[in-house]
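All the letters of the sequence shown, read from the start, carry residue numbers 1 to 536 under UniProt numbering.
Glycine included, each C-beta is placed from N, C-alpha and C at the ideal position.
Here the structure is a predicted model, which means the values were calculated and not measured.
I have placed the structure first, in the form of structure tokens, so that the comments after it can refer back to it.
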Amino acid sequence: MGRGIEMLPEDCVSTILANTSPLGACRSSMVSSTFRSAAASDVVWDRFLPADCEDVVSRLLTPLTFTTKKELFLLLCNPVLIDGGKKSFKLEKSSGKISYMLSARELSIAWSDDPMHWSWRSIPESRFSQVAELRTTDWLEIRGKMKTKILSANTTYGAYLIMKIYDRAYGLDPIPSEISVAVDDQISKGTAYLRSRGDGKKQQMDERGDGWMEIELGEFFNGEASDQEVKMSLMEIKGYQLKGGLVIEGIEVRPKDYMSEITLDLLPQDCFVHIMSLTSSPQDVCRAALVSSPVRSLADSDAVWEKLLPSNYEEILSRLVSPLRYSSKKELFSRLCKPQLIDGGRKVFSIEKSTSKNGYMLCARELSIQWASHPLYWSWKPFSQSRFAEVAELRTISWLEIQGSFHTRLLSPRTVYGVYLIVKFAGRAYGLDTLPSEVSVEVGDFKSQRTVYLSRSESKKQALECMDCEKASRSKVFQERQGPRERRDGWIEIEMGHFYYDEGEEEVKMCLKEVKGVHLKGGLIVEGIELRPTKQ
Numbered sequence: 001m002g003r004g005i006e007m008l009p010e011d012c013v014s015t016i017l018a019n020t021s022p023l024g025a026c027r028s029s030m031v032s033s034t035f036r037s038a039a040a041s042d043v044v045w046d047r048f049l050p051a052d053c054e055d056v057v058s059r060l061l062t063p064l065t066f067t068t069k070k071e072l073f074l075l076l077c078n079p080v081l082i083d084g085g086k087k088s089f090k091l092e093k094s095s096g097k098i099s100y101m102l103s104a105r106e107l108s109i110a111w112s113d114d115p116m117h118w119s120w121r122s123i124p125e126s127r128f129s130q131v132a133e134l135r136t137t138d139w140l141e142i143r144g145k146m147k148t149k150i151l152s153a154n155t156t157y158g159a160y161l162i163m164k165i166y167d168r169a170y171g172l173d174p175i176p177s178e179i180s181v182a183v184d185d186q187i188s189k190g191t192a193y194l195r196s197r198g199d200g201k202k203q204q205m206d207e208r209g210d211g212w213m214e215i216e217l218g219e220f221f222n223g224e225a226s227d228q229e230v231k232m233s234l235m236e237i238k239g240y241q242l243k244g245g246l247v248i249e250g251i252e253v254r255p256k257d258y259m260s261e262i263t264l265d266l267l268p269q270d271c272f273v274h275i276m277s278l279t280s281s282p283q284d285v286c287r288a289a290l291v292s293s294p295v296r297s298l299a300d301s302d303a304v305w306e307k308l309l310p311s312n313y314e315e316i317l318s319r320l321v322s323p324l325r326y327s328s329k330k331e332l333f334s335r336l337c338k339p340q341l342i343d344g345g346r347k348v349f350s351i352e353k354s355t356s357k358n359g360y361m362l363c364a365r366e367l368s369i370q371w372a373s374h375p376l377y378w379s380w381k382p383f384s385q386s387r388f389a390e391v392a393e394l395r396t397i398s399w400l401e402i403q404g405s406f407h408t409r410l411l412s413p414r415t416v417y418g419v420y421l422i423v424k425f426a427g428r429a430y431g432l433d434t435l436p437s438e439v440s441v442e443v444g445d446f447k448s449q450r451t452v453y454l455s456r457s458e459s460k461k462q463a464l465e466c467m468d469c470e471k472a473s474r475s476k477v478f479q480e481r482q483g484p485r486e487r488r489d490g491w492i493e494i495e496m497g498h499f500y501y502d503e504g505e506e507e508v509k510m511c512l513k514e515v516k517g518v519h520l521k522g523g524l525i526v527e528g529i530e531l532r533p534t535k536q
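Here you go:
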């Protein structure tokens, strides 16, 4: 994970997240520890709470217990009774938009005060203390109203009559009811059948998760700083048909655009590009794409991915053996995550996908191998399993010495690198495990040494057995014991050591040698030495 994002003040990140949405803030917690902390802050969640939140909390029928604004927000995402239990208030979890429900007692229901036509009673399925049950009437008229100023601005709302129909219900299906929602000169009208008809016309009601049925009365758009009255109604007064068995819980007014999110367009695009590029981590950028659709677009921008490429990437491109085709910096980054031959095919360059750190591999021809020019001791030949044109195969020798060097300026700063000799053992290999070989890595005044036995493993899974004897001339010594292993590309790597590169320009010196024994050895195939960032 990159550390650059940690350089940003948490309150800066909080301000940015406060301009997204509750869903965006929760998703952003996956980006980094700074985002995780900021996404839980009161600064963020106070913005997601309604402006009149304190007033709403003061009207609660049952007080809520909370310690943070996020906790309060989540509590309000469940319906809570307000105004003496006559209304219900709720926040939509993904967007923070406001919903209200008016109980049947808050509605104007024709003849509801006449017990011959309507009865008021309590039922366990309702959130309210009373519902209205239609006993019998030929005049069905239900009206409700609400001030738009208590709703979320710039939001499309739907109004829904919440009800149940008992099995003994009658007279509800012969004639459709008229439904309407009106806000000033904005009027939505329609008709709806309360039950299925014999002619197969569909019932225009949906079953809710709470077991009630709802019928949409209409919709309206609540603009900026709106202070009007929304009027909602359902009526069937023309048929003079007796009807009964209808139970009214109330009318709910809720946002219709559930999946919409507050966009980040109000903040400069360059601001977000800069923040994401500061993460120094492609993994962070990809995770940030989960925050919201605007961030997803920014996460693919050239401005972000160019900063994740090496500072000398143009020079590296000029050294490629085979030019790359790409249409974006993100695509270029992805291609460079795969090993690419450079410098006439004598080196390999790659980028570590999750951190964007540089890795290099020197082919055997770039190494200094004692007696390698003498065909009696070493042979140079093409090898189908190698990425390079040639490998060096040890024929027979008593003096084994392989050295390499590399300039640190080509590496990624503030990174721990591992150095690995990449080898294979020919079927005729011999004499390689009689005495241990010394391996070392030296950078400036730092030196790491260890000894290893070169041997063929019958299982081909553990090809080398290591004995560590780490020595260093300064305090930063790496004690990690990692045994040699077979690689995915079929080669075997032997760890020569680690070093930490901060910045500046020094030379990395790498060496494997076994020069003390006088016995002959052979069958070692050398592909090269790889320097790659570790996961530390």
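No Cβ-Cβ contact shorter than 7 Å links I175 with G244. With respect to S350, G359 sits close: the two C-beta atoms are nearer than 7 Å.
H498 is the residue among H498, D185, L309 whose C-alpha sits nearest the C-alpha of F446. Take R335, set aside five residues on each side of it, and the residues of its chain with a beta-carbon closer than 7 Å to its own are L324, Y326, in chain order. Assignment of I123 by DSSP, reduced to helix, strand and coil, places it in the coil class. When the beta-carbon positions are compared, Y157 and P282 stay at least 7 Å from each other.
For C77, the three-state secondary structure derived from DSSP is coil. With a threshold of 16 other beta carbon atoms within 10 Å, D173 meets it and is buried.
The straight-line gap separating the alpha-carbon atoms of M361 and L367 is approximately 11 Å. M116 counts as exposed, since fewer than 16 other C-beta atoms from the protein chains shown sit within 10 angstroms of its C-beta. Distance from the CA atom of L217 to the CA atom of A159, rounded to whole angstroms, is 5 Å. Taking a 10 Å sphere around the C-beta of I494, we find 16 or more other C-beta atoms and assign the residue as buried. DSSP, reduced to helix, strand and coil, places R59 outside both helices and strands of the structure shown, so it counts as coil. Sorting E506, T451, I422, C337 by C-alpha distance to the C-alpha of P413 places E506 at the top. Burial is judged here by how many other beta carbons sit within 10 angstroms of a residue's own beta carbon; Y377 has at least 16 and is buried. Runs of the beta strand (DSSP E) lying entirely within the segment 404–456 and spanning at least 3 residues, in chain order: 415–430, 437–443, 446–454. Rounded to the nearest whole angstrom, the C-alpha separation of S297 and I492 is 42 Å. L17 is a Cβ neighbour of V44, given a cutoff of 7 Å. Counting C-beta pairs with one atom in each stretch, the segment 422–430 and the segment 313–324 have fewer than three that are closer than 8 Å, which means they do not touch. For V44, the uninterrupted alpha helix (DSSP H) segment begins and ends at 42–48. For G523, the enclosing beta strand (DSSP E) stretches over residues 522–533. Taking the C-beta atoms as reference points, M235 is found nearer than 7 Å to E141.
Rounded to whole angstroms, the separation of the alpha carbons of K516 and T396 is 16 Å. For V515, the three-state secondary structure derived from DSSP is coil. Looking at the DSSP output, Y500 bridges to V416. In the three-state reduction of the DSSP assignment, V321 falls in the coil class. Taking every protein chain shown into account, the CB of P533 has 16 or more other CB atoms within 10 angstroms, so this residue is buried. For the pair L400 and E514, the CB atoms are nearer than the 7 Å cut-off. By the criterion of a C-beta distance shorter than 8 Å, R346 is surrounded in its chain by L362, C363, R365, E366, F388, once the five residues flanking it on both sides are discounted. For G85, there is no enclosing beta strand (DSSP E), since its DSSP letter is neither H nor E. Assignment of beta-bridge partners to A392 by DSSP yields W380, V526.
Looking at the backbone, the Cα of M163 and that of V56 are separated by about 26 Å.
In the three-state reduction of the DSSP assignment, Q241 falls in the coil class. The beta carbon of G490 sits closer than 7 Å to those of Q385, all from its chain and outside the five residues before and after it, given in chain order.
In the three-state DSSP reduction, Y313 falls in the helix class (H, G or I). Scanning its chain for C-beta atoms nearer than 6 Å, with the 5 sequence neighbours on each side dropped, one finds around L332 the residues Y326, in chain order.
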